[in-house]
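The structure appears below as structure tokens.
Protein chains: 2
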Amino acid sequence: MTASPFAALVDWGTSNLRIWLVDSQGAVLGERQSPEGMGGLDKAAYPAVLEGHLSALGAPSDLPVVVAGMAGARTGWREAPYVETPAPLVGLFQHAVQPEGVSRPVYILPGVCQREGGAYDVMRGEETQLAGALEQGLDNALFCLPGTHSKWALVEDGQARRFSTVMTGELFNLISRQSILRLSVPEDGDAEADPEIFDAAVAQALEPGFALTSVLFSIRAEGLLAPDAKINPAARLSGLLIGAEIAAIRDDLQRHGKAYLIGTGKLTRLYARAITKAGGEPVMLDGGLLVRRGLLASALSLFDHEFKD
Amino acid sequence: MTASPFAALVDWGTSNLRIWLVDSQGAVLGERQSPEGMGGLDKAAYPAVLEGHLSALGAPSDLPVVVAGMAGARTGWREAPYVETPAPLVGLFQHAVQPEGVSRPVYILPGVCQREGGAYDVMRGEETQLAGALEQGLDNALFCLPGTHSKWALVEDGQARRFSTVMTGELFNLISRQSILRLSVPEDGDAEADPEIFDAAVAQALEPGFALTSVLFSIRAEGLLAPDAKINPAARLSGLLIGAEIAAIRDDLQRHGKAYLIGTGKLTRLYARAITKAGGEPVMLDGGLLVRRGLLASALSLFDHEFKD
């Protein structure tokens, strides 16, 4: 290593762990990834896992560490209680907790929760990506993070104002593989293969009064009644589900115009397509870069803060 | 047997089989039930299953038989092709088919399908219950048949005009047992135990712009964020799903006022509660009686028809 590391930044999710050594400008000096996510770790295992990776990266033994994600869950390393909406994204570091059992300084950042109006919701990790987006000037914006459980988040004046978790990916898997529709949706069904079918399903879901559960069975019945029609049940199911999700945030989308998409791959491309269909403009962001920027911002605040004490 | 049987009436569903021997007035002279539904039978097995039950009932060897339900599916005994909406319910018998391999006259009634406006749908068995309701004067009415897949059917001037299958029961099972919400919904969760929670969820689902998939995760988050609150996740999930289903037919419900509910037990009681909440008036009907009446009406038409030939 030529430059001296300022901190180790860790994105510790349910199924993955990513570590970056960075200098104080955020330049990456070393990087590791591993499947040692929160989902597979006992509380007591965290220090050794972390030290193993830091040692492999040649990190000094007193290098401070900032962690975001599920490591801060109740069932993770040490609970970092949620900060409630509206949550100032630059202030997350103030609520970081320090786990026991490590000799170096380690800070685990909190997640964000929402109780307002009974719209209960939680996030852990995504708030640090939003903090990273803030670093690039996105302090009033609508964000979408596609995934098994996608998140939509509205950031206003640098605060996580409102967000919602939508189980679209999980529902797609359950419905296409385990419901009666499994008889219609092939296992290798490709929702991207027939964009016009996907688009038509999104358009249907965006119609006023659309009722998802009352439309799903038509996918099965169409296969029985029109076996020769050009249908792609995976594209139709995916379009109905993603369309229903976007219908729910359409007011925000119309107000902001742009939706910043944090993700990669096929699913994110389908969301971009559906957002366009709903009259919005999707803008792709790199999630790995964002979480690193958010972690660095917290690290700079934390260690600045420490030095001042 | 004192009276002489006119016909054997058979409701042959996916998982059950019911047979009644009746006189020409519909009086039941004998009755059998069995789990030998279409789902577990090879095509070749039907004649022996039927003859076994008829013999146990002491039916004459030339007694004619009328069958409704999944025995008429492509994967059943012999396909009775669907009659398309608008389907005159008194005319179903005209499309009955006669299977091979039996020495007595056997007629399998058709199901009804819908292609109109791309709202593809199918029913087999329910149309005969609707025909039975016609016999008691319900020739302009809205029907709801709760079940794993519920059906809503609009009968106008004695025709099955429009209907839809809603996968509410199946979705409740998949979501409560297999999605992330399984961590919140106890296996023995009783949706009837907290009527006010069920009602509130129905009311939420009836609000304009309600988006089911964007609300589901709040059930999990509420359990995390308000662990001491009085919540009943089963009641809430059930209310959201049934409410979303009723929201989709609310125009029909407002026009007709009454919704005739064909079913029994807890699920039907929940539908009745939700229909009331939506401003409708639920009226319970006995499904077994209706299918028998519908079968008898077809039997009378068929054998009358035969005699005239």
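So the sequence lines, in the order shown, correspond to chains A and B.
With the working numbering applied, the first sequence corresponds to residues -14 to 294, in that order.
With the working numbering applied, the second sequence corresponds to residues -14 to 294, in that order.
All C-beta atoms, glycine included, are put in the ideal place defined by N, C-alpha and C.
Keep in mind it's a predicted model, so treat the numbers as computed, not measured.
Here the alpha carbon of residue 167(B) sits roughly 11 Å from the alpha carbon of residue 174(B). With a cut-off of 8 Å on Cβ pairs, the region 267 to 274 of chain B is not in contact with the region 148 to 163 of chain B, counting fewer than three such pairs. According to the DSSP assignment, residue 138(A) belongs to the beta strand (DSSP E) that extends over 135 to 141. The beta-carbon distance between residue 72(B) and residue 144(B), rounded to whole angstroms, is 6 Å. This is short enough to meet the 8 Å contact definition.
One Cα belongs to residue 193(A), the other to residue 117(B), and the distance between them is close to 35 Å.
Taking all protein chains shown into account, residue 136(A) has 16 or more neighbouring C-beta atoms within 10 Å of its C-beta and is therefore buried.
At a cut-off of 8 Å between C-beta atoms, residue 187(B) does not count as an interface residue with respect to chain A.
Among the residues facing chain B, residue 153(A) is included, as its CB has a counterpart in that chain under 8 Å away. In this structure, DSSP gives residue 164(A) a state outside helix and strand, which the three-state scheme calls coil.
Beta-bridge partners assigned by DSSP to residue 130(B): 136(B). Taking 7 Å as the upper bound on Cβ-Cβ separation, chain B lies near residues 104, 105, 106, 107, 134 of the region 103 to 137 of chain A. For residue 183(A), no Cβ of chain B is located within less than 8 Å of the residue's own Cβ. Using a C-beta cut-off of 8 Å, the region 100 to 114 of chain A makes contact with the region 191 to 210 of chain B, since at least three inter-stretch Cβ pairs fall below that distance.
Annotation for residue 11(A): 277, 278, 281 place their beta carbon closer than 8 Å to its own, counting only its chain and skipping 5 residues before and after. For residue 232(A), the three-state secondary structure derived from DSSP is helix. With respect to the C-alpha of residue 249(B), the residue from 125(B), 227(B), 129(B) having the closest C-alpha is 129(B). In summary, residue 13(B) is exposed, with fewer than 16 beta-carbon neighbours lying within 10 Å of its beta-carbon over all protein chains present.
Cβ contact annotation for residue 170(B) (same chain, cutoff 7 Å, sequence separation greater than five): 161, 218, 219, 222, in chain order.
A check of alpha carbon separations from residue 43(B) across 75(B), 207(B), 214(B), -12(B) identifies -12(B) as the nearest. DSSP places residue 69(B) in the strand class (E or B) of the three-state scheme. With respect to chain A, the C-beta atom of residue 275(B) has no partner C-beta closer than 8 Å. Here residue 142(A) is exposed. Its C-beta has fewer than 16 other C-beta atoms within 10 Å. Classified as buried, residue 99(B) has 16 or more neighbouring CB atoms from the shown chains inside 10 Å of its CB. Cβ-Cβ separation between residue 238(A) and residue 229(A): approximately 14 Å, too far for a contact (criterion under 8 Å).
Contact between the region 119 to 129 of chain B and the region 27 to 47 of chain B is absent, with fewer than three C-beta pairs closer than 8 Å. Within the region 90 to 104 of chain B, those residues whose Cβ lies closer than 7 Å to any Cβ of chain A are, in chain order, 98, 100, 104. Nearest to residue 159(A) by C-alpha distance, out of 140(A), 191(A), 133(A), is 133(A). From the listed residues 284(B), -3(B), 285(B), 262(B), the smallest Cα separation to residue 111(B) is found for -3(B).
Annotated three-state conformation of residue 247(B) is strand, per DSSP. In the three-state scheme derived from DSSP, where H, G and I count as helix and E and B as strand, residue 54(A) is classed as strand. A Cβ of chain A is located within less than 8 Å of the beta carbon of residue 165(B). Under the Cβ criterion (8 Å, minimum of three pairs), the region 73 to 91 of chain A does not count as touching the region 182 to 190 of chain B.
Listed in chain order, the non-local C-beta contacts of residue 8(A) below 8 Å within the same chain comprise -12, -11, -10, -9, 14, local neighbours out to five positions each way being set aside.
Inclusion of residue 16(B) and residue 2(B) in the CB contact set at 8 Å is not warranted, their separation being larger than that value. Proximity of residue 206(A) to chain B, defined by a Cβ-Cβ separation below 8 Å, is satisfied.
Between residue 255(B) and residue 176(B), the C-beta spacing is below 8 Å.
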